[in-house]
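Below is one structure, written out as structure tokens, with a few remarks after it.
Below is the structure:
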């Protein structure tokens, strides 16, 4: 087959159409595609004239075929472009967003009481900065781990992150009966290892279509912001049902330890939902397909 300029224009319009989000722009490009094939007779005449000119320039049909493949990006380029995204359930998308929101809630829920917690353990209230700061320090390491792990499995990585948060919160809550500031720091560090935000973002980037990706990222930001707001609100509401801690009593249930128990329960519920309802999406290796197609169309040396 020869290089067909009108077909190339149609394919270019289809690419642009696939990248557009606005319905009006979609309609304009659809009208353009219909206009391109409106007059078959004139198109055939223009194609024949163009082919005769290009045949004279390149000298042979084979050379013209190489130009056509390079212009279109190869024979498989259309297949690669039209390759569908794996279908993921709405519940899986919701659980992915819930992970981000729940973590941000866990991150901020200790802010109002961490200074009091440090004081109950016999340390300066200024250590609240260290208690809160242990979580983002652990995120630096966990981000590298989850970036690698999510290349193989999303569900298992999120489950591991949820388990880290569960263990971290129960250790944080039991630090007062054990009278140990070290347990508080370890608990908050384990909570940082439970940050699956890297996984959440990658899940959206890999398994949302081009049309849904922007709204997916907006939902991710909204879920995170909601979690940030709910964290301190839950901590403040716990003052109604939890008494203030008294130094030396080593109580299990106080306003300082209550956030740890509450988040442990919430993460347990989330983990159960993740195990039963989160669906591991089918993985499509686009990079290998693209590489294979480009290798076929790569120009070879010759006289």
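Numbering (the working numbering), first residue to last: 4 to 306.
Beta carbons are placed, not taken as given, at the ideal position from N, Cα and C, and that holds for glycine.
Within the same chain, Cβ atoms closer than 6 Å to the Cβ of residue 91 are found at 210, 284, the five residues on either side in sequence being excluded.
Per DSSP, residue 259 lies in no alpha helix (DSSP H) segment and is marked neither H nor E.
Note on geometry: alpha-carbon atoms of residue 188 and residue 137 lie some 6 Å from one another. Annotated three-state conformation of residue 124 is coil, per DSSP.
When C-alpha distances from residue 174 are compared across 208, 255, 105, the shortest belongs to 255. Taking a 10 Å sphere around the C-beta of residue 155, we find fewer than 16 other C-beta atoms and assign the residue as exposed. In terms of Cα proximity to residue 281, the closest of 221, 108, 203 is 203. One Cα belongs to residue 237, the other to residue 217, and the distance between them is close to 30 Å. In this structure, residue 273 places its C-beta atom within 8 Å of the C-beta atom of residue 165.
Under the DSSP assignment, residue 211 falls outside any alpha helix (DSSP H); it carries neither an H nor an E label.
For residue 100 and residue 163, the gap between their C-alpha atoms comes out near 16 Å.
If you look at residue 174, you'll find it in the alpha helix (DSSP H) that goes 158–181. For the pair residue 195 and residue 231, the CB atoms are not nearer than the 8 Å cut-off.
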